[in-house]
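Protein chains: 2
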Amino acid sequence: MSQTPPLLLVLSGPSGVGKDAVLQGMKTRGLPFYWVVTVTTRKRRLQEHEGVDYHFLPTERFERMRESGELLEYARVYDHWYGVPLAAVRQALTEGRDTLLKIDVQGATTIKDRVPEAVLVFLSPPTTEDLMARLRQRRTESAQQLALRLQKAQDEMGRTHMFDYQVVNDQVEAAIDRILAIITAEKCRTHPRRVRL
Amino acid sequence: MSQTPPLLLVLSGPSGVGKDAVLQGMKTRGLPFYWVVTVTTRKRRLQEHEGVDYHFLPTERFERMRESGELLEYARVYDHWYGVPLAAVRQALTEGRDTLLKIDVQGATTIKDRVPEAVLVFLSPPTTEDLMARLRQRRTESAQQLALRLQKAQDEMGRTHMFDYQVVNDQVEAAIDRILAIITAEKCRTHPRRVRL
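Chains as they are written, first to last, in this note's numbering: chain V, 1 to 197; chain P, 1001 to 1197.
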């Protein structure tokens, strides 16, 4: 049904739930989405690549984008800024391409306010305890940063109801199958969501 | 996510579109639905089985069920009556079983009025011309019956918007995959539909 309008799929969930692994798995399957690369002022981690994981920008450049309305959404997360470049999303949708973006919970709910036709998927852990354990295993941050992240993750788990769908990330491949099922179902809707940007 | 409430899935579409083949294919895959068997006053066709395809009832018995409120929905289609036994549907849902019923377009829209939480799937042909060709190939009816059926099918195609989803039956197995995707997506909804009967 190629005549259905393109989807704007927003993949979110608490930090530590495995959003990156799910996204990577979807890319590995060669799925024909337009993958929105968000911009950030935080430092690149060792395994990350510019233009793939994020566009890493100096703070001044980020602020210019924000002030000139070039960001669909932006948010401060811990000490850094993250933003979604509006032009890229608009261009992809205009070309009729299904568009997928990964974003934190706060950002996702902001996008839903601005673009109600976006399809919001909340990736959740099998249990909250499981999420806490995953976060503690991370070695990239200080004890204080970890404590902040644990608190934040718990707050985020309480926002599931603001999303359209909840997908449990018990197994990455099973979670991807569910996300693909959601996309298929959305394309079968008799009243499709038409994104206006 | 076994804690989600059971679905009431209504599979419909114009006559000749291939509802029976899709239903049969789903049964062959061994899917764990409760399959509602509708009751009818029409004669059993050669390849049909009592209690599997329909419960074939004498008109008097059907009328007693209708008058005593034992039918969730009933309709006259051509010269015969069809009805959905309420007790069976209620029982299956109470047991937490996903429940699937096949019904004509008129009946499906009646069920949506009475049970807004039902998930309505409209099985549609690749093209209307394709449907007309399929109907003409049927050998079980008179020329007059065929003319009636062609007109009715065209009317039914105009009611797609009253359904939640439209699934094109280009290939039976592909159509089944889409229906299963819809079921998976419905079970991922953060605000699931809770059927009250």
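Every residue, glycine too, gets a C-beta built ideally from N, C-alpha and C. Nothing here was measured: the structure is a model prediction, and the numbers come from that model.
(message) How far does the alpha helix (DSSP H) with A118/V in it extend, from its first residue to its last?
(response) For this step, residue 118/V is matched to residue 118 along the first sequence. No alpha helix (DSSP H) holds A118/V; DSSP gives it neither H nor E.
(message) Strictly under 8 Å for the Cβ-Cβ distance: is D1104/P near chain V by that measure?
(response) Numbered from 1 along the second sequence, position 104 holds the residue referred to as residue 1104/P. D1104/P does not count as touching chain V.
(message) With a threshold of 6 Å on Cβ separation, who are the neighbours of D198/V within its own chain once the five nearest residues in sequence on each side are excluded?
(response) Any property of residue 198/V remains undetermined from this structure, which presents chain V solely from 1 to 197.
(request) On the DSSP bridge assignment, give the partners of L1071/P in chain order. (result) Position 71 of the second sequence, counted from the start, is the residue given in the question as residue 1071/P. The partner list for L1071/P (beta bridge, DSSP) reads P1085/P.
(message) Rounded to whole angstroms, what is the Cα-Cα separation between M1/V and K187/V?
(response) Taking the first residue of the first sequence as position 1, residue 1/V is located at position 1. Taking the first residue of the first sequence as position 1, residue 187/V is located at position 187. Low per-residue confidence applies at M1/V: pLDDT is 43, beneath 50, and the placement is therefore not dependable enough to give any value.
(message) For a test of the three-state rule: what should DSSP assign to S2/V, helix, strand or coil?
(response) In the first sequence, the residue the question calls residue 2/V occupies position 2. Bear in mind that a pLDDT of 46 at S2/V, under 50, signals an unreliable position, so the number given afterwards is only what the model happens to contain. Coil, per DSSP.
(request) Consult DSSP for R159/V and reduce its assignment to one of helix, strand or coil. (result) Mapped onto the first sequence, residue 159/V falls at position 159. Here R159/V sits in coil by DSSP.
(request) With 7 Å as the limit, tell me which residues of the segment 149–167 of chain V have their beta carbon closer than that to any beta carbon of chain P; keep them in chain order. (result) For the segment 149–167 of chain V, which is checked against every Cβ of chain P, the residues closer than 7 Å are T160, H161, F163, D164, Y165, Q166, V167.
(message) Using a 10 Å radius around the Cβ and a threshold of 16 neighbouring Cβ atoms, would you call Y78/V buried or exposed?
(response) Numbered from its first residue, the first sequence carries residue 78/V at position 78. With a 10 Å radius around the Cβ and a threshold of 16 neighbouring Cβ atoms, Y78/V comes out exposed.
(message) So, with DSSP's three-state summary, where would you put Q166/V?
(response) Counted from its first residue, the first sequence places residue 166/V at position 166. If DSSP states are grouped into helix, strand and coil, Q166/V belongs with the strands.
(request) Let me know the secondary structure DSSP gives E1050/P once reduced to three states. (result) Walking along the second sequence from the start, residue 1050/P turns up at place 50. In the three-state reduction of the DSSP assignment, E1050/P falls in the strand class.
(message) When you compare the CB of R1189/P with every CB in chain V, is at least one pair closer than 8 Å?
(response) By one-based count along the second sequence, residue 1189/P stands at place 189. Chain V contact via Cβ: present.
(request) Report the residue from L1007/P, L1011/P, Q1024/P whose alpha carbon sits nearest the alpha carbon of E1173/P. (result) Locating residue 1173/P in the second sequence gives position 173, where the first residue counts as 1. Put simply, of L1007/P, L1011/P, Q1024/P the residue whose alpha carbon is nearest the alpha carbon of E1173/P is Q1024/P.
(message) By the three-class DSSP mapping on this structure, what secondary structure does K43/V have?
(response) If you number the first sequence from 1, residue 43/V lands on position 43. Three-state DSSP puts K43/V in coil, outside helix and strand.
(request) Could you tell me if R149/V is buried or exposed, where buried requires 16 or more neighbouring beta carbons within 10 angstroms of its beta carbon? (result) What you label residue 149/V is simply residue 149 of the first sequence in a count that begins at 1. So R149/V counts as buried.
(request) With a cut-off of 8 Å on the beta carbons, I'd call T200/V and Q154/V a contact; round off their distance for me. (result) No information on residue 200/V is available, as it lies outside the stretch 1 to 197 that chain V covers here.
(message) Judging by CA-CA distance, which residue of G96/V, R66/V, M162/V is the nearest neighbour of P85/V?
(response) For this step, residue 85/V is matched to residue 85 along the first sequence. Closest option to P85/V, Cα to Cα, is R66/V.
(message) Quick check: the segment 92–102 of chain V against the segment 5–12 of chain V, are at least 3 beta-carbon pairs closer than 8 Å?
(response) In the pairwise beta carbon analysis, the segment 5–12 of chain V is classified as touching the segment 92–102 of chain V: at least three pairs are separated by under 8 Å.
(request) Using a Cβ cut-off of 8 Å, pull out every chain P residue sitting near I215/V, in sequence order please. (result) Past the boundaries of the shown model lies residue 215/V; chain V is included only from 1 to 197, so the question cannot be answered.
(message) Contact defined as beta carbons within less than 8 Å: I believe Y54/V pairs with E60/V. What is the distance between those atoms, to the nearest angstrom?
(response) As a working mapping, residue 54/V is identified with position 54 in the first sequence. As a working mapping, residue 60/V is identified with position 60 in the first sequence. Approximately 17 Å separates the beta-carbon atoms of Y54/V and E60/V; this is outside 8 Å, ruling out the contact.
(message) For a contact defined as C-beta to C-beta under 8 Å, what are the partners of T128/V on chain P?
(response) Here residue 128/V refers to the residue found at position 128 when the first sequence is read from its first residue. Per Cβ cutoff of 8 Å: no residues; T128/V is ~15 Å from chain P at best.
(message) Please tell me whether T1110/P and A1075/P are closer than 8 Å, where the distance is taken between their beta carbons.
(response) If you number the second sequence from 1, residue 1110/P lands on position 110. If you number the second sequence from 1, residue 1075/P lands on position 75. In contact: T1110/P and A1075/P (Cβ atoms closer than 8 Å).
(message) To be precise: take each residue of the segment 1025–1039 of chain P, compare its Cβ to all Cβ atoms of chain V, and keep it if any distance is under 8 Å. Which residues remain?
(response) Hits within the stretch: zero.
(request) Check the DSSP bridge columns for S1012/P and list the partner residues they point to. (result) Here residue 1012/P corresponds to residue number 12 of the second sequence, with the count starting at 1. Paired residues: F1122/P.
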